[in-house]
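Okay, so here's the structure we're looking at.
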Amino acid sequence: MSAALPAFLAAARTQLGEFRREPGTLLMLVTAPFFAVILLSVTEHGGRADLAAYALLAPAVMTSVGMAVMEAGESIFRDRASGVLEAIMTTPAPLAAVLSGRVAAITAVSLLGIGECWLVGALGFGVVVAVAHPLVFALTLAAAAAGIAATGVLLAAVFVVGRNVRSFQNSLTFPLYLLGGAMVPVAFLPWGFEALSRLFFLSWATDLLRDSLSPGPVAAFWPRLGAVLGLSAVLFAAGFWLAHRLVRRVRRTGTAGFA
Amino acid sequence: MSLTGIDAPAVEVRALVRDFATARGGPPRRALDAFNLTVAPGEVHGLLGPNGAGKTTLCKILSTILLPTSGTARVQGLDVVTDAKRVRPLLGIVFGGERGLYARMTAAQNLRFWAALYGHGRREGRRRAAELLERVGLGPRANEPVETFSRGMKQRLHLARGLVGDPRVLVLDEPTVGMDPVSAHEFRDLVEDLRGEGRTVLLTTHDMAEAEALCDRVSFIDGGRLLRCEDPRVLGELLSRHERVRAAGVPEALAARIADLPGVERVRATGPGAVLVETDRGGAALPVLRTLVEAGVTDVSTAPPTLEEVYLHLIGERGMAVRP
Ligand SMILES: Nc1ncnc2c1ncn2[C@@H]1O[C@H](COP(=O)(O)OP(=O)(O)OP(=O)(O)O)[C@@H](O)[C@H]1O
Ligand SMILES: [Mg+2]
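Protein sequence lines, in the order shown, are assigned to chains D and W.
In terms of the numbering used here, the first sequence is residues 1 to 259.
In terms of the numbering used here, the second sequence is residues 260 to 583.
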C-alpha cells in the first residue's frame with residue numbers, strides 16, 4: 001500500500017493539469033451561474049426572498065455532484081482507450097488510489113461553483129445570502145465534498161467494467177440530485193423517496209447546508225454531520241472494494257484495454 | 260528480499276493456458292496452450308512468434324494485466340495470481356506502439372506520474388524522470404507533450420516508463436516497433452546495459468536479427484505453444500542457411516538453370532523476369548549469385564529469410580494464414 005499516497009497525489013496533479021489542458025472539462029462551472037440566474041429569478045420574482053439560499057445552493061451542489069460523476073467517468077474511459085488503465089494495473093498502486101486522487105481534484109475544483117453562484121446573487125440581484133453558522137457550513141461542506149468524491153470513485157469503478165455502462169452516466173446524475181435534496185429538501189418529496197434519500201449522505205448534507213444559512217438554531221448538528229460522514233465512508237469503502245473487484249474482473253475477461 | 264526471490268528463476272511458466280471468450284457462444288479461443296518457459300535471473304530471453312502466437316498474452320499475464328485460465332506463472336518465485344501485489348514492484352513492462360501514455364502531458368510529466376505509481380515521492384520522481392529521459396535520449400524533448408512525438412520517440416518513452424520502477428525483470432513487447440535503425444541500435448546498447456545491471460529481460464520481437472544479436476536464448480512460440488527454445492546461434496544458422504537471392508531481368512532458361520543448382524530450394528517468379536531464389540544450405544547463395552552475374556544479370560540482391568520463412572522451416576508448412 002506504500003504506493004497509494006504518492007499515486008493519489010500524482011493522480012490529483014494530473015487531473016488539475018487536465019483542467020488546464022482541456023478547459024472543456026470545466027463546462028459545468030460555466031453552466032452553474034446560468035442555473036443560479038434562472039432559479040434566483042423565480043424566487044425573487046415570486047416574492048420569496050426567503051428561498052434565495054435554496055436557489056443558490058442548488059446549482060452549486062448540482063455542479064459539484066455532476067462534475068464528480070461525469071469527469072470521473074470520462075477519465076476512466078480515456079484511460080481505458082489509451083491503454084493507461086492497463087499500465088496502471090501493472091504498478092503497485094491500487095487503482096482506487098488513482099481514482100480517488102482524480103476525483104478529489106475534480107471535487108475541489110467543482111467547489112468553485114459555490115463562489116460563482118454567490119457572486120451571481122450579489123452582483124446580479126443584489127442578494128447576499130449570509131452564512132449564519134459559518135462553522136456548521138464549513139464542516140458540512142468539507143464532509144459533503146468527501147462524500148461527493150466517494151460517489152465519484154464508486155461510479156468511476158463501475159465504469160471500469162465496460163463501455164456499456166457509459167450510457168447510464170448522464171441519466172444517473174438526476175436521481176442523485178433528487179435523492180440528495182440538491183434542489184428540493186427531501187422532506188418535500190413523496191414518502192418513499194424521503195426514506196430512500198436518507199441512505200444517501202447528500203440529503204443530510206444539503207439540509208445542513210441550508211440550515212447553516214438561516215439564522216435559526218441548527219438542531220442536532222453533530223449527529224447529522226455524523227450521518228454525512230458515516231454514509232460517505234460507506235460509499236468510499238464500497239468504491240475501493242468495487243475497484244478491487246472490477247480490476248480482478250477485467251483481468252479475467254481481458255477487456256482492460258477496450259475502449 | 261524474500262527468500263523465494265533469491266535463487267528462483269526470474270520467470271517460470273508452467274502449463275500456462277489462457278482462453279478468451281469469442282463472440283456469442285462460440286468456443287473460447289486458446290491464446291496460450293500448456294505453455295512452459297523458464298528464464299534465469301540476468302538472462303536476456305527472446306520470444307519469437309508470428310502474429311497471434313500468444314506473445315502479448317504471455318506478457319500481460321506476467322505483468323498481472325491478465326489472469327491465466329489455468330497453469331502457473333511466477334516472477335522471481337512469486338505467483339502472478341496469488342502474489343500479484345509483490346510481483347508488481349519487481350516487474351516493468353513496455354508495450355509496443357503508442358498505448359499507455361498520456362498524450363497531452365509532457366514526457367517528464369508522464370514519467371513523474373508513473374514514478375509515483377511505483378511509490379516514489381515527488382523529488383525522487385523528478386530525479387528518476389530526468390535521469391531516464393537522458394538515458395533514452397529524450398532529454399531535449401522532456402517538456403514537450405507526448406502527442407508531438409514521433410513513433411520512435413514514443414517508443415523510447417515507453418522504455419523509460421518501463422524502467423521507472425527500477426524493475427528486476429523487464430518485459431518488452433516489441434520494443435523496437437517504429438524505431439529507425441540507429442535507434443534500434445541504441446536500443447540494443449540499452450539492453451546490454453540492462454543485462455550488465457543484472458536485470459532479466461524478456462523480449463518479444465519479429466526481428467530475428469535483433470533476437471540473434473541480443474538474446475542469450477530464444478523461444479519460438481506458435482499457436483500458444485512453445486515450439487523450441489534455442490541458442491540464438493541456431494537462429495543465425497537458420498538465417499544464413501535460408502538466405503535468399505532476389506534478381507530482376509532473369510530469362511526463363513536462366514531461372515531453370517538456377518533451380519538446378521545445389522542447395523537451391525526453389526525459384527519463385529515475383530514478376531515479369533523477377534525471381535526470388537530460396538536456398539536451404541549454408542553458402543548456397545554464392546553459386547546462385549555467380550551464375551546470375553556471369554549471365555549478365557546485375558540487378559541482384561541478397562536478403563535473410565523473413566521470420567515467417569524461418570517458421571515454415573521450423574514447423575513445416577502451415578501457410579501464412581493466421582490461426583482460426
Ligand atoms: N482481449 C482479447 N480478447 C479476445 N481475444 C484475444 C484478446 N487478446 C488476444 N486475443 C487473441 O489471442 C491470440 C493471441 O494474441 P496475442 O496478442 O497474444 O498474439 P501476439 O503473439 O502478441 O501477436 P502479434 O505478433 O500480432 O502481436 C490471438 O488469437 C488474439 O486474437
Ligand atoms: Mg503482440
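Glycine included, C-beta positions come from ideal geometry on N, C-alpha and C.
All values derive from a computational prediction rather than experimental measurement.
Cβ-Cβ separation, residue j to residue i (assumed contact under 8 Å), whole Å
i               : j               : result
R420 of chain W : N369 of chain W : 7 Å
V129 of chain D : F221 of chain D : So it is not a contact: roughly 19 Å between Cβ atoms.
I320 of chain W : L391 of chain W : Wrong, their Cβ atoms sit about 26 Å apart, outside the cutoff.
E471 of chain W : L494 of chain W : 5 Å
Q169 of chain D : M70 of chain D  : 7 Å
G181 of chain D : S203 of chain D : 4 Å
A299 of chain W : A332 of chain W : About 16 Å separates the two Cβ atoms, so there is no contact after all.
L5 of chain D   : V247 of chain D : The Cβ separation is near 19 Å, so there is no contact.
V436 of chain W : G351 of chain W : With 8 Å as the limit, V436 of chain W and G351 of chain W do not qualify as a contact, their Cβ atoms being about 17 Å apart.
T316 of chain W : A290 of chain W : 4 Å
E502 of chain W : P546 of chain W : About 12 Å separates the two Cβ atoms, so there is no contact after all.
G147 of chain D : V228 of chain D : 6 Å
L431 of chain W : L397 of chain W : About 17 Å separates the two Cβ atoms, so there is no contact after all.
E489 of chain W : V504 of chain W : Contact flag wrong, Cβ pair sits at about 26 Å.
Where residue i sits in the DSSP three-state scheme
i               : result
R540 of chain W : coil
L242 of chain D : helix
T328 of chain W : coil
E489 of chain W : strand
T464 of chain W : strand
G24 of chain D  : helix
V131 of chain D : coil
R198 of chain D : coil
R248 of chain D : helix
M579 of chain W : Only weak support exists for where M579 of chain W lies, its pLDDT of 44 falling under 50; the value from the coordinates is given anyway. The answer is coil: DSSP assigns M579 of chain W none of H, G, I, E or B.
F19 of chain D  : helix
L189 of chain D : coil
D519 of chain W : coil
V30 of chain D  : helix
D278 of chain W : strand
S261 of chain W : Unreliable placement is indicated for S261 of chain W, whose pLDDT of 46 sits below 50; no coordinate value is reported for it.
L111 of chain D : coil
F260 of chain D : This structure cannot settle anything about residue 260 of chain D, because the visible part of chain D is limited to 1 through 259.
S2 of chain D   : coil
F322 of chain W : The sequence given here has Ser at residue 322 of chain W, not Phe. Note: S322 of chain W maps to coil in three-state DSSP.
S560 of chain W : strand
N295 of chain W : strand
CA nearest to the CA of residue i, picked from the options
i               : options                        : result
A53 of chain D  : D:V98, D:T253, D:L5, D:A132    : D:A132
A443 of chain W : W:D539, W:L535, W:R415, W:T407 : W:R415
L376 of chain W : W:L422, W:L291, W:K319         : W:L422
S329 of chain W : W:P348, W:N295, W:G356         : W:N295
V424 of chain W : D:V186, D:A10, D:T90           : Correcting the residue type first, residue 424 of chain W is Gly in the shown sequence and not Val. Cα-wise, what sits closest to G424 of chain W is D:T90.
V569 of chain W : W:L486, W:E451, W:G359         : W:L486
E406 of chain W : W:L431, W:E433, W:E451, W:A366 : W:A366
G24 of chain D  : D:A156, D:L141, D:M67          : D:M67
A528 of chain W : W:L291, W:R347, W:L431, W:L513 : W:L513
Q15 of chain D  : D:I76, D:A4, D:G239, D:L176    : D:I76
T140 of chain D : D:L111, D:L208, D:P185, D:S110 : D:L208
R394 of chain W : W:M364, W:D452, W:L573, W:R347 : W:D452
A122 of chain D : D:S41, D:A72, D:L246, D:P6     : D:S41
G378 of chain W : D:L26, D:A97, D:C117, D:L111   : D:A97
R252 of chain D : W:L326, W:R288, W:V303         : W:L326
A554 of chain W : W:E537, W:H501, W:A506         : W:A506
H465 of chain W : W:T459, W:F479, W:G457         : W:F479
R198 of chain D : D:G83, D:V160, D:L231, D:I114  : D:L231
A81 of chain D  : D:A108, D:E44, D:V160          : D:V160
A3 of chain D   : D:A93, D:L111, D:V228, D:F201  : D:A93
E44 of chain D  : D:V127, D:V234, D:L242, D:A149 : D:V127
A36 of chain D  : D:I114, D:S110, D:A233, D:R224 : D:I114
S171 of chain D : D:L155, D:V184, D:P185         : D:L155
G483 of chain W : W:R382, W:R273, W:R277         : W:R277
D519 of chain W : W:E271, W:A544, W:E403         : W:A544
A10 of chain D  : W:R288, W:L307, W:R385, W:G305 : W:R385
Min CB distance residue i to chain B below 9 Å
i               : result
M412 of chain W : No chain B is present in this structure, whose protein chains are D and W.
Residue i beta carbon near ligand 3 (any heavy atom closer than 8 Å)
i               : result
D466 of chain W : Ligand 3 is absent from the structure shown, which contains only ligand 1 and ligand 2.
Worksheet item: Which parts of the segment 57–104 of chain D are runs of the beta strand (DSSP E), unbroken and 3 residues or longer, counting only runs that do not cross its ends?
Response: none
Worksheet entry | Closer than 6 Å: residues whose CB approaches a heavy atom of ligand 1 | D:G254, W:F279, W:R288, W:A290, W:G308, W:N310, W:G311, W:A312, W:G313, W:K314, W:T315, W:T316
Discussion item. Threshold first: 3 residues or longer. Then list the beta strand (DSSP E) segments lying entirely within the segment 403–460 of chain W, N to C.
Written reply: As far as the segment 403–460 of chain W is concerned, its whole beta strand (DSSP E) runs of at least 3 residues are 428–432.
Worksheet item: Mind pulling the beta strand (DSSP E) runs of 3 or more residues that sit fully within the segment 346–406 of chain W?
Response: 350–353
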